[in-house]
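These notes are about the structure you will find just below.
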Amino acid sequence: MLAQYSIFILFGPWLLYSLDSSYVRGYTLLYPWLGARIVWFLPSEQIRRTRIVALIFSRITFCTSLCLWASFDYSHTEPFQKVLSIQIGPGSYEPAGGGRSWKGIRSSSLEFGLDGLSLWMVLRTTALFPICILCSWLRPYGSVGSSGVPALRAGTPIRVVCTLLLILEGMLLAVWTILDIVFFYVLYESVRIPMFLRIGLAGSRTRKIRAAYQLVLYTLFGSLCLLPCLLLMYAETGTSSLELIYAYNWTFERQRILWWGFFFAFAVKIPMIPLHLWLPEAHVEASTAGSVLLAGVLLKLGSYGFLRFLLPLFPEATIFYGPRVYTRSLIARIYASRTTRRQVDLKKIIAYSSVAHMNLVTLSLFSNNELGRSAACFLMLSHGVVSPALFLCVGMLYDRHHTKLLKYLGGSAATMPLFTIFFFFFTLANMALPLSPSFIAEFLALCGVFAYHSWATVYALISVIRAAIYSLWAYARVAHGRPKNVYIKYVCDRCRREFWCIFPLLWITIWWGFFPSEVLYSLSGSMLLLQHLCL
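Numbering of the sequence shown is given in the UniProt record's numbering, commencing with residue 1 and proceeding in unit increments.
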């Protein structure tokens, strides 16, 4: 069956780029599902072919997303550039009167679209999944070869792992581009199914089942708040099209009711305190690929929901409840920064650091100005590169030490110099050192927060200082001191597979640190539209 698709696999991106850009956009959504189908039906004993096919499809999806980026029109005046439109039934749009109130609307097609924000979400998602598949080149304990093609751990079904990764990629690409609130809800909630299986099947400890169930139960609480709000919106507007719902004029009382449902659904995914307890446990129990996906993609679903739905649909309620969100975000950032210093597990340190960074994103989003929202988007993107790179470094340590506890680590600067360079570089980026994308994003975010409330900026700056303290403390415990494992000197520094996992993230971090203007310019159009909708 692989031979039937070989020509399409090898020459598909070039052929699509020579066609109309809408074909490229449509096949970007299709490739992961096609790859999942092929991988699932491969024989279980063909482990090498399974790995290679999954990696090929993930890389082709990334290539088609680059075609999307190349064909994206920054001068486009409409809110979204259409990716794909699927006819699902007859219908018509009938405005009641001449205002923004709509009545008797019936959606006739399912649409996918791109703006500056969703474009970068698609690019980052397609860039991370080949890395996650390379991380799933699993090895047995104690064997670290220089070839980069180690054997599987016993009991790990590589065919299932690769299929789940490709299905999850297809779902996430649809989430970033869907322009229908009902189907967004279906995809938004379906994402947790492959992630639940990913943690439960490929976790590293016996507590992995508990962590997987915590992820499901916490996010299920958010979905129970969101579903009644979506049904109420559909009953009142008669449509599920996002562009038409943007045009609907909601009363202030109705905004206040709907706002809480959307807020809780997306706050769980950020996560905001006290809805954060599932995240550190999920990170600790997940495999390296699972942690990369959690930090790089899944945590951004909440802030993306705020930007796409909460802020433009309910602007008056957002202003009304903004001070409460501000207070919660400040408390969460300070709490997460203090809690990080007390952790003994390296993955939990990075997990609580992610909570602190994502609550700065929330703080910047609710600053009610264009600068703050653009900075929040850029901080989402930079965190989605730096934090996965740190989890990759932790995975490299775990493969050699078989532990993530700091008291058993140390001395890597003498035994693993190249790894130490990578880890030090991303530690500096995580603590927002100048010339890193995190520094630019956090500086712009604090400027946006200062325009809204000056004292909030002071408390946020305290957390920035704490971030530098716990980042350097964790690095010193890992890199310096005497090696606790006497056999660590017999293992290699890094293999080729690990190098090519982390090098693209290093290159992106340097690129965004020195040339952030291209990303910020592409986001400016979406933020101007959002500012217009929020007025």
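Every residue, glycine too, gets a C-beta built ideally from N, C-alpha and C. As the structure is a computational prediction, the values presented were derived from the model and not from experiment.
Review point. Hey, D345 and V284 are a contact pair by Cβ (cut 8 Å); roughly how many whole angstroms apart?
Key: What you label residue 345 is simply residue 345 of the sequence shown in a count that begins at 1. What you label residue 284 is simply residue 284 of the sequence shown in a count that begins at 1. So it is a contact: roughly 6 Å between Cβ atoms.
Point to revise | Of the residues P434, L294, T237, the one placed nearest N249, counting alpha carbons only | key: Mapped onto the sequence shown, residue 249 falls at position 249. Considering only alpha carbons, the answer is T237.
Exercise for review: Taking P417 as the reference, give the member of F129, F499, S438, H383 with the closest Cα.
Suggested key: On the sequence shown, position 417 is the one that residue 417 refers to. The residue with the shortest Cα to Cα distance from P417 is F499.
Review point. Cα separation between D73 and S240?
Key: Working through the sequence shown from its first residue, we reach residue 73 at position 73. Working through the sequence shown from its first residue, we reach residue 240 at position 240. Distance between the alpha carbons of D73 and S240 is about 26 Å.
**Study point:** Which of helix, strand or coil DSSP assigns to G290
**Key:** Taking the first residue of the sequence shown as 1, we reach residue 290 at position 290. Here G290 sits in helix by DSSP.
Point to revise | Neighbour flag for A247 against chain B, beta carbons, 8 Å | key: Given the protein chain composition of this structure (a single chain), no chain B is represented.
Exercise for review: Can you grab the Cα-Cα spacing for the pair S526 / I131, in whole Å?
Suggested key: Here residue 526 is taken as the residue at index 526 of the sequence shown, counted from 1. Here residue 131 is taken as the residue at index 131 of the sequence shown, counted from 1. So the alpha carbons of these two residues sit roughly 29 Å apart.
Practice item. Alpha carbon to alpha carbon, how far is R373 from P516? Give it in angstroms, no decimals. Key: The residue given as residue 516 occupies position 516 in the sequence shown. The residue given as residue 373 occupies position 373 in the sequence shown. Straight-line Cα distance between these residues: approximately 15 Å.
**Study point:** Contacting residues, own chain, Cβ-Cβ under 7 Å from S382 (five flanking each side not counted)
**Key:** Taking the first residue of the sequence shown as position 1, residue 382 is located at position 382. These residues qualify, in order along the chain: P437, S438, A441, W512.
Check your understanding: Are the beta-carbon atoms of L173 and L66 separated by less than 8 Å?
Key -> Stepping through the sequence shown from its first residue, residue 173 is reached at position 173. Stepping through the sequence shown from its first residue, residue 66 is reached at position 66. Result no, Cβ atoms of L173 and L66 do not sit closer than 8 Å.
Practice item. Compare the Cα-Cα distances from L128 to each of E316, L168, F112, D115 and report the closest residue. Key: Against the sequence shown, residue 128 aligns to sequence position 128. Checking every option, the nearest Cα to that of L128 belongs to L168.
Practice item. Identify the continuous alpha helix (DSSP H) that holds C225 and give its terminal residues. Key: In the sequence shown, residue 225 corresponds to position 225, counting from 1. Per DSSP, C225 belongs to the alpha helix (DSSP H) from 208–237.
Check your understanding: Just how far apart, CA to CA, sit M121 and W176?
Key -> One-based indexing of the sequence shown puts residue 121 at position 121. One-based indexing of the sequence shown puts residue 176 at position 176. Going by the C-alpha atoms only, they are around 7 Å apart.
**Study point:** Near the ligand NAD: L179 beta-carbon under 7 Å from a heavy atom
**Key:** Of ligands this structure carries none, so the ligand NAD is not represented either.
Practice item. With DSSP as the reference, please indicate the residues paired to D345 in a beta bridge. Key: Here the question's residue 345 lines up with position 345 in the sequence shown. Note: D345 sits in a beta bridge opposite L405.
Review point. Roughly how many angstroms separate the alpha carbons of Y234 and E78, rounded to a whole number?
Key: Counting from one through the sequence shown, the residue named residue 234 turns up at place 234. Counting from one through the sequence shown, the residue named residue 78 turns up at place 78. Cα-Cα distance, rounded: 24 Å.
Review point. At what residue ranges does the stretch 364–406 contain a whole run of the alpha helix (DSSP H), taking only runs of 4 or more?
Key: 370–401
**Study point:** Closest Cα partner of D180 within the set F41, L230, L217
**Key:** To locate residue 180, count along the sequence shown from 1; it is residue 180. It is L230.
**Study point:** Which of helix, strand or coil DSSP assigns to L114
**Key:** For the purposes of this step, residue 114 is taken as residue 114 along the sequence shown, with counting starting at 1. Three-state DSSP puts L114 in a strand.
Practice item. In the DSSP assignment, find the unbroken alpha helix (DSSP H) run with P280 in it and report its ends. Key: To locate residue 280, count along the sequence shown from 1; it is residue 280. Here the alpha helix (DSSP H) through P280 covers 278–285.
**Study point:** Same chain only: Cβ atoms within 6 Å of S147, ignoring 5 sequence neighbours per side
**Key:** Indexing the sequence shown from 1 puts residue 147 at position 147. Note that S147 scores 37 on pLDDT, short of 50, meaning its location in the model is unreliable and no value can be drawn from it.
Review point. If you draw a straight line from the alpha carbon of A460 to that of R37, how long is it in whole angstroms?
Key: For the purposes of this step, residue 460 is taken as residue 460 along the sequence shown, with counting starting at 1. For the purposes of this step, residue 37 is taken as residue 37 along the sequence shown, with counting starting at 1. Each residue's alpha carbon lies about 47 Å from the other.
Practice item. Return the CA-CA distance between L279 and V464, expressed in angstroms with no decimal places. Key: Along the sequence shown, one-based indexing puts residue 279 at 279. Along the sequence shown, one-based indexing puts residue 464 at 464. In a straight line, the C-alpha of L279 is about 21 Å away from that of V464.
Check your understanding: Per DSSP, which one or two residues make a beta bridge with D180?
Key -> Taking the sequence shown and counting its residues from 1, one reaches residue 180 at position 180. According to DSSP, which records beta bridges pairwise, D180 is partnered with S241.
Exercise for review: Put S85 into one of helix, strand or coil per three-state DSSP.
Suggested key: On the sequence shown, position 85 is the one that residue 85 refers to. Three-state DSSP puts S85 in a strand.
Point to revise | Start and end residues, alpha helix (DSSP H) containing P504 | key: Looking up residue 504 in the sequence shown gives position 504. Start and end: 496–514.
Review point. Exposed or buried, W259, counting other C-beta atoms within 10 Å across all chains shown (16 or more means buried)?
Key: In the sequence shown, residue 259 corresponds to position 259, counting from 1. It counts as buried.
**Study point:** Own chain, CB closer than 8 Å to E518, minus 5 neighbours either side, in chain order
**Key:** Here residue 518 is taken as the residue at index 518 of the sequence shown, counted from 1. Hits under 8 Å: none found.
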